[in-house]
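Just below is one structure, and these are the notes that go with it.
Number of protein chains: 4
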Amino acid sequence: MNIKAADQSKRPRRSDQSRAAILDATRHELIEHGWRKFSVDQVARQARASKQTIYRWWPAIANMCVEAGLDLLPARENKGRDPVERIGDLLRPIEQVAKTSSGHSVLRSAFLAASDDPAAGETFRAWLRDEIRGPLRMILAEIAAKNVIRRDFDLDGALDIFMGPVWSRLVIMRAPLPEDFSRHQAEHLLKILSPN
Amino acid sequence: MNIKAADQSKRPRRSDQSRAAILDATRHELIEHGWRKFSVDQVARQARASKQTIYRWWPAIANMCVEAGLDLLPARENKGRDPVERIGDLLRPIEQVAKTSSGHSVLRSAFLAASDDPAAGETFRAWLRDEIRGPLRMILAEIAAKNVIRRDFDLDGALDIFMGPVWSRLVIMRAPLPEDFSRHQAEHLLKILSPN
Amino acid sequence: MNIKAADQSKRPRRSDQSRAAILDATRHELIEHGWRKFSVDQVARQARASKQTIYRWWPAIANMCVEAGLDLLPARENKGRDPVERIGDLLRPIEQVAKTSSGHSVLRSAFLAASDDPAAGETFRAWLRDEIRGPLRMILAEIAAKNVIRRDFDLDGALDIFMGPVWSRLVIMRAPLPEDFSRHQAEHLLKILSPN
Amino acid sequence: MNIKAADQSKRPRRSDQSRAAILDATRHELIEHGWRKFSVDQVARQARASKQTIYRWWPAIANMCVEAGLDLLPARENKGRDPVERIGDLLRPIEQVAKTSSGHSVLRSAFLAASDDPAAGETFRAWLRDEIRGPLRMILAEIAAKNVIRRDFDLDGALDIFMGPVWSRLVIMRAPLPEDFSRHQAEHLLKILSPN
DNA sequence: AGATAAACGAGACGGTACGTCACGTCTTAGG
DNA sequence: CCTAAGACGTGACGTACCGTCTCGTTTATCT
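Chains as they are written, first to last, in numbering that gives the first Met the number 0: chain A, 0 to 195; chain B, 0 to 195; chain C, 0 to 195; chain D, 0 to 195.
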């Protein structure tokens with residue numbers, strides 16, 4: 000309670016209340032109207048925020064949408080178990096959010112925004128690097144050392160195989176993810192990378 | 000992708016010249032501005048066409064964009080060879096168009112449009128059914144009969160595996176397709192579906 | 000000047016049925032939407048006529064509207080009575096048509112069209128000359144000869160005095176003409192022109 | 000015709016600069032194209048103003064045109080002299096503006112707009128009431144008390160007689176007002192209303 | 001009785017304008 | 001300072017209308 004007062008005492012900085020209301024309204028707008036008909040005016044109106052506040056804190060609308068989508072994802076769990084489960088864990092936050100209709104819509108539109116706007120793609124690609132690609136490389140390197148998979152695997156190719164079906168279902172087909180999606184994806188990836 | 004010339008003897012005389020100019024301008028606009036900032040006014044201006052002509056012949060802008068993208072794809076070849084090559088053939092039109100920077104952009108934006116607009120998704124899904132999913136089912140059923148792959152494979156799951164990396168590279172990552180992409184995809188799919 | 004009388008025996012056979020339907024629809028449109036929002040498409044639709052037919056027979060839309068209005072006016076009666084009544088007779092066709100709400104609207108919009116479009120004004124001014132100004136000059140000259148009015152009256156000034164209140168009520172104020180309007184107008188005019 | 004600057008300290012800050020530019024462009028457009036072909040786009044373009052700004056501050060285009068016309072009229076002078084001159088004074092602002100070709104056109108089109116659009120007629124009728132009808136009633140009542148004119152005169156009838164020729168020349172005939180128009184109109188009115 | 005040539009309905013077309021909405025910038029007033 | 005509010009110039013939206021231009025299809029003479 001009393002610790003945070005130290006740094007925040009200085010100047011009236013960014014309002015967390017505004018930020019939350021704006022991201023909520025952004026998600027609502029993405030669900031309601033999708034990416035192309037997304038309206039900043041509508042977000043400002045619904046969040047009772049000034050457009051100036053939006054433009055001050057986000058470099059572009061697409062970044063705001065990506066942030067609104069990624070904010071939904073729960074933190075990745077990291078229990079040390081067998082490799083298949085650890086790889087599957089990487090997809091589990093997405094799988095969980097995509098179970099609800101609204102979460103599915105928000106994620107789809109957020110990824111759409113990242114694809115359509117090269118600048119916002121940066122925000123998205125940073126997330127992909129930190130949350131998927133990086134951990135995946137670590138795990139794969141680990142099990143490659145044990146010769147469970149071939150040592151000369153191509154990481155980006157592996158990423159395509161691993162994430163491709165996510166984009167396929169979530170973004171392109173607008174369809175729910177099937178049962179046990181994360182585990183099956185992990186199994187498929189290992190099967191492809193197996194050295195035989 | 001071809002409109003029949005059978006009934007053109009009757010009344011509603013659509014101008015093929017306008018249609019071609021509009022689709023060309025659509026492709027140019029998708030390359031230039033992407034999906035969200037796509038401007039119908041700009042297309043009309045550039046095609047020297049009336050906006051009414053656009054709205055008369057396309058149910059929605061997204062449909063027009065999907066059509067503009069799919070129109071680029073060359074006809075699929077169907078030489079009777081081994082299953083891996085026949086499966087790979089399904090991706091070859093896309094692989095070929097995506098080699099050029101502009102073809103890559105147009106296809107990406109067209110798929111974006113199909114994802115963002117549920118109605119236009121129909122046009123896209125019809126193409127997917129006729130050009131990818133249907134042929135793939137035929138080929139897979141054939142080789143399943145020979146026990147090359149498991150007989151109880153899930154077609155939509157196979158489609159995710161087969162097409163997912165396309166969406167991953169083309170749409171999500173905005174990256175070129177790697178060398179021999181079609182053949183590798185076919186091999187991966189068969190490896191996953193293999194019965195062992 | 001009058002070439003058309005010669006050629007009417009020849010080929011171009013104008014359809015009176017179309018003409019009547021078009022003028023009816025024109026009146027309906029003037030009542031419904033007024034002059035500025037008058038729509039040729041609407042007229043064609045309602046008259047089940049082609050726009051080509053309209054543009055073939057009328058040099059401008061305003062002319063068509065003026066014609067549609069003036070066509071409503073019954074023929075002027077010419078009973079030989081005292082000068083006041085003969086002058087009043089000139090206004091009676093208008094007075095009669097303006098009694099109904101729709102006739103009032105059509106006449107107003109027709110005169111509006113004539114005022115707004117210099118070319119169509121010709122059609123209107125020809126009517127004014129033949130139906131009002133000419134006859135009025137004859138009558139006034141006649142009674143000026145008997146010294147009932149001053150001999151050096153200004154005809155156009157008299158016309159302003161005589162017709163002005165018509166425009167005032169009908170066009171400007173959108174108000175019905177008062178009782179005995181024609182007779183009072185005749186009396187006023189003679190009072191102004193009286194020589195005392 | 001003047002908007003007060005008193006309450007401008009409060010919130011809705013209308014740009015006077017925009018308003019003036021828009022009214023100027025409106026006058027130009029009325030002169031150039033008249034009422035039916037009046038283009039809001041053209042006005043916005045010429046005034047370097049947004050169409051939204053136009054639609055925000057005027058309930059209808061016709062109101063804007065009426066305002067643009069009436070704004071031209073100089074303030075009415077009110078020197079206490081004999082009744083004929085005081086009545087003539089009421090017309091003098093119009094007479095003065097109508098002397099120029101452009102003033103003539105603007106006034107005509109403004110009155111046309113008021114006639115064609117019932118809603119905009121209100122703006123016009125308010126002006127007529129305050130600037131013509133009201134003052135005229137006062138003056139006529141005054142001289143009726145001295146038995147110069149009949150005491151039971153009909154004010155609206157008098158208004159028709161007084162203003163009718165204005166509409167006749169200015170609006171209907173598109174002709175200049177004759178010499179000494181205001182004075183003659185006053186004389187005519189008093190002659191008609193004289194009690195003999 | 002057929003041929004012929006115009007007028008006709010229908011409606012697509014390139015344009016322009018409509019009235020509304022959105023974008024991103026700016027200004028004002030309040031905490 | 002940051003915020004809410006909202007006016008502003010710019011320009012796109014999707015619709016309607018303008019005037020022109022084919023299309024076949026009547027239709028009313030003139031062979």
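By construction, the Cβ of each residue, glycine as well, lies at the ideal position given by its N, Cα and C atoms.
Given the structure is predicted, the values throughout are model-derived calculations rather than measurements.
How far does the alpha helix (DSSP H) with D/R168 in it reach, from first residue to last?
Along the fourth sequence, one-based indexing puts residue 168 of chain D at 169. Run containing D/R168: none; DSSP gives neither H nor E here.
Is it buried or exposed, C/P58, if we count other Cβ atoms within 10 angstroms and call 16 or more buried?
Counting from one through the third sequence, the residue named residue 58 of chain C turns up at place 59. Burial call: exposed.
Helix or strand or just coil, what does DSSP make of C/L72?
Sequence index remark: in the third sequence, residue 72 of chain C carries index 73 (1-based). Three-state DSSP puts C/L72 in coil, outside helix and strand.
Any beta-carbon of chain B closer than 8 angstroms to the one on A/H187?
Numbered from its first residue, the first sequence carries residue 187 of chain A at position 188. Yes, contact with chain B.
Can you check whether the C-beta of C/P175 is within less than 8 angstroms of a C-beta belonging to chain D?
Here the question's residue 175 of chain C lines up with position 176 in the third sequence. So, not an interface residue.
Taking the continuous alpha helix (DSSP H) assigned at C/D40, which residues delimit it?
What you label residue 40 of chain C is simply residue 41 of the third sequence in a count that begins at 1. Per DSSP, C/D40 belongs to the alpha helix (DSSP H) from 39 to 45.
Would the segment 59 to 68 of chain A and the segment 115 to 124 of chain A be scored as touching if the rule is three or more Cβ pairs under 8 angstroms?
yes
Of the residues A/Q51, A/W166, A/S38, A/V147, which one's Cα is nearest the Cα of A/S17?
Within the first sequence, numbered from 1, the residue matching residue 17 of chain A stands at position 18. Residue A/Q51 is the option with its Cα nearest to A/S17.
Mark C/P117 as exposed unless 16 or more other C-beta atoms lie within 10 angstroms of its C-beta, in which case mark it buried.
In the third sequence, the residue the question calls residue 117 of chain C occupies position 118. Exposed.
By a C-beta neighbour count over all protein chains shown, 10 Å radius and 16 as the cutoff for buried, is D/G163 buried or exposed?
Locating residue 163 of chain D in the fourth sequence gives position 164, where the first residue counts as 1. Buried, because 16 or more other Cβ atoms sit within 10 Å of the Cβ of D/G163.
Out of curiosity, what's the CA-to-CA distance linking C/F37 and C/R55?
Within the third sequence, residue 37 of chain C is the residue found at index 38, counting from 1. Within the third sequence, residue 55 of chain C is the residue found at index 56, counting from 1. Straight-line Cα distance between these residues: approximately 18 angstroms.
With DSSP run on the structure shown, which of helix, strand or coil describes C/E178?
The residue you call residue 178 of chain C lines up with position 179 of the third sequence. Looking at C/E178 - three-state DSSP - the assignment turns out to be coil, as it is neither helix nor strand.
Cutoff 8 angstroms: D/S104 Cβ touching any chain C Cβ:
What you label residue 104 of chain D is simply residue 105 of the fourth sequence in a count that begins at 1. Answer no: the Cβ-Cβ gap between D/S104 and chain C never drops below 8 angstroms.
Straight-line CA distance for C/I2 to C/I171?
In the third sequence, residue 2 of chain C corresponds to position 3, counting from 1. In the third sequence, residue 171 of chain C corresponds to position 172, counting from 1. With a pLDDT of 36 at C/I2, under the threshold of 50, the modelled position of this residue cannot be trusted, and the question is left open.
CB of B/I148 within 8 angstroms of CB of B/L189, strictly
Here residue 148 of chain B is taken as the residue at index 149 of the second sequence, counted from 1. Here residue 189 of chain B is taken as the residue at index 190 of the second sequence, counted from 1. For B/I148 and B/L189, yes; Cβs fall inside 8 angstroms.
By Cβ distance, which residues of its chain are closer than 8 angstroms to D/D6, with the 5 residues on each side in sequence left out?
What you label residue 6 of chain D is simply residue 7 of the fourth sequence in a count that begins at 1. In this predicted model, D/D6 has a pLDDT of only 41, less than 50, meaning its place in the structure is not dependable enough to derive any value.
Would you say D/F110 lies against chain C (beta-carbon separation less than 8 angstroms)?
Translated into positions along the fourth sequence, residue 110 of chain D becomes position 111. With 8 angstroms as the cut-off, D/F110 counts as an interface residue toward chain C.
Could you check the C-alpha separation between A/A46 and A/P194 for me, to the nearest Å?
Along the first sequence, one-based indexing puts residue 46 of chain A at 47. Along the first sequence, one-based indexing puts residue 194 of chain A at 195. Cα-Cα distance, rounded: 54 angstroms.
With a threshold of 16 other CB atoms inside 10 Å of the CB of D/D159, please say whether the residue is buried or exposed.
On the fourth sequence, residue 159 of chain D is found 160 positions in, with the first residue counted as 1. Buried.
Using the beta-carbon count (16 or more within 10 Å), is A/S8 buried or exposed?
Position 9 of the first sequence, counted from the start, is the residue given in the question as residue 8 of chain A. Note on A/S8: pLDDT 46, under 50, position unreliable in the model; the coordinate value appears next. With fewer than 16 Cβ atoms within 10 Å of its Cβ, A/S8 is classed as exposed.
Can you list the residues of chain A that B/R13 reaches, using a CB-CB cut of under 9 angstroms?
By 1-based counting over the second sequence, the position of residue 13 of chain B is 14. What B/R13 touches in chain A: nothing, since even the nearest Cβ is about 26 angstroms away.
Whole angstroms is fine: what's the gap from A/R150's alpha carbon to B/L154's?
Looking up residue 150 of chain A in the first sequence gives position 151. Looking up residue 154 of chain B in the second sequence gives position 155. Taking the straight line from one Cα to the other gives about 31 angstroms.
Assuming C/L90 and C/S181 make a contact with CB atoms under 8 angstroms, what is their CB distance in whole Å?
In the third sequence, counting from the first residue as 1, residue 90 of chain C sits at position 91. In the third sequence, counting from the first residue as 1, residue 181 of chain C sits at position 182. The Cβ separation is near 4 angstroms, so the contact holds.
Span separating the alpha-carbon of B/A24 from that of C/D23
On the second sequence, position 25 is the one that residue 24 of chain B refers to. On the third sequence, position 24 is the one that residue 23 of chain C refers to. For B/A24 and C/D23, the distance between alpha carbons rounds to 44 angstroms.
Hey, does A/E87 have any beta-carbon neighbour from chain B nearer than 8 angstroms?
Mapped onto the first sequence, residue 87 of chain A falls at position 88. First, the residue type needs correcting, since residue 87 of chain A is Gly and not Glu in the sequence shown. No - not a single Cβ of chain B is within 8 angstroms of the one on A/G87.
Can you find the residues in the same chain that come closer than 7 angstroms, C-beta to C-beta, to C/H32, ignoring five residues on each side of it along the sequence?
Along the third sequence, read from residue 1 onward, the residue named residue 32 of chain C stands at position 33. Closer than 7 angstroms at the Cβ level, and outside the excluded window around C/H32, lie S38.
Within chain C, the residues that D/D116 reaches when beta carbons sit closer than 8 angstroms:
Along the fourth sequence, read from residue 1 onward, the residue named residue 116 of chain D stands at position 117. In chain order: G33, R35.
C-alpha gap between D/K145 and D/R26, whole angstroms
Taking the fourth sequence and counting its residues from 1, the one referred to as residue 145 of chain D is at position 146. Taking the fourth sequence and counting its residues from 1, the one referred to as residue 26 of chain D is at position 27. So the two alpha carbons sit approximately 44 angstroms from each other.
Where does B/R35 land, buried or exposed, given buried means 16+ other C-beta within 10 angstroms?
Reading the second sequence from its first residue, position 36 is the one you call residue 35 of chain B. Buried, since its Cβ has 16 or more Cβ neighbours within 10 Å.
Look at D/V83 and D/A185 and say whether their C-beta atoms are less than 8 angstroms apart.
If you number the fourth sequence from 1, residue 83 of chain D lands on position 84. If you number the fourth sequence from 1, residue 185 of chain D lands on position 186. Yes.
Once you ignore the five residues that flank A/M0 on each side, which residues in its own chain have a CB closer than 8 angstroms to its CB?
Locating residue 0 of chain A in the first sequence gives position 1, counting from the first residue. Caution applies to A/M0, whose pLDDT of 35 falls short of 50 and renders its modelled position unreliable; the model cannot decide the point.
Can you give me the Cβ contacts of D/K78 inside the same chain, cut-off strictly under 7 angstroms, excluding the 5 residues immediately before and after it?
Translated into the one-based positions of the fourth sequence, residue 78 of chain D becomes position 79. Nothing meets the Cβ criterion.
For my contact list, D/I53 and D/L72 are in at a C-beta cut-off of 8 angstroms; report their separation, rounded to the angstrom.
On the fourth sequence, position 54 is the one that residue 53 of chain D refers to. On the fourth sequence, position 73 is the one that residue 72 of chain D refers to. With a Cβ gap of about 22 angstroms, D/I53 and D/L72 do not count as contacting.
Determine the contact status of B/L176 and B/S104, defining contact as a CB-CB distance below 8 angstroms.
The count along the second sequence starts at 1 and reaches residue 176 of chain B at position 177. The count along the second sequence starts at 1 and reaches residue 104 of chain B at position 105. Taking 8 angstroms as the Cβ cut-off, B/L176 and B/S104 do not qualify as a contacting pair.
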